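**Student:**
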Amino acid sequence: MSDDRKQYAAACHCGTVRFHVRLTNEFNTIRRCTCSYCRMRGAIAASAALSDIEFEAGEGNLTLYQFNTGTAKHYFCKTCGIYTHHQRRSNPNQFGINVACINGVSPFDFAAVEVMDGVSHPADSGAGPRIAGILRFEPAS
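For the record, in the sequence shown the residue sitting at position 34 is 34 according to the UniProt record's numbering, with numbers rising by one throughout.
(1) Quick check on the DSSP output: the alpha helix (DSSP H) that includes residue 36 runs from which residue to which?
(2) My output table needs one value for residue 23: the three-state DSSP class, helix, strand or coil.
(3) State the Cα-Cα distance for the pair residue 47 and residue 60, rounded to the nearest angstrom.
(4) Report the residue from 98, 51 and 53 whose alpha carbon sits nearest the alpha carbon of residue 74.
(5) Shorter than 7 angstroms from the beta carbon of residue 86 to some beta carbon of chain D?
(6) Using a Cβ-Cβ cut-off of 8 angstroms (strictly less than) and excluding sequence neighbours within five positions of residue 103, which residues of its own chain qualify?
(7) Counting Cβ pairs, one atom from each stretch, are 3 or more of them under 8 angstroms apart for the stretch 18 to 34 and the stretch 60 to 72?
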């Protein structure tokens, strides 16, 4: 069975970490999160299955950051410090891919981005993911 989904090239800022990724539902899954860590990081992430990322170079140059429950795994380039992806706490079978690392994509390309309620994490309450709001970007006039 073939996979007809588009494969995107992605990299950190310095280009040491390079990978290809197939997104779960293109950019329809983009979101931000309100947890203490994501608030400070400020990235927009799109969903990908764990098996849908393939490293071309630099996988050994990634460093891992975990906090609180240690379930989520946040990966960064050791050289330039850019967050490339993370294994989600809400769904450990998925990666959140930093859309800014995808070639030709900017987080400012999206007019509206869902903001997930990471402060009241669904894994803590047993409830499903909660949308905290929508972040809208207005073009400068």
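Don't be surprised by glycine CBs; every beta carbon is placed ideally from N, CA and C.
Computed from a predicted structure; not experimentally measured.
**Tutor:** Answer, in terms of the structure:
(1) Your numbering for residue 36 matches position 36 in the sequence shown. Following the DSSP letters along the chain, one finds residue 36 inside the alpha helix (DSSP H) bounded by residues 36 to 41.
(2) Position 23 of the sequence shown, counted from the start, is the residue given in the question as residue 23. Residue state, collapsed to three classes: coil.
(3) What you label residue 47 is simply residue 47 of the sequence shown in a count that begins at 1. What you label residue 60 is simply residue 60 of the sequence shown in a count that begins at 1. One Cα belongs to residue 47, the other to residue 60, and the distance between them is close to 22 angstroms.
(4) Here residue 74 corresponds to residue number 74 of the sequence shown, with the count starting at 1. In terms of Cα proximity to residue 74, the closest of 98, 51 and 53 is 98.
(5) Given the protein chain composition of this structure (a single chain), no chain D is represented.
(6) Sequence index remark: in the sequence shown, residue 103 carries index 103 (1-based). Excluding sequence neighbours, residue 103 sits near 8, 9, 10 and 11.
(7) With the cut-off at 8 angstroms, the stretch 18 to 34 and the stretch 60 to 72 do not touch.
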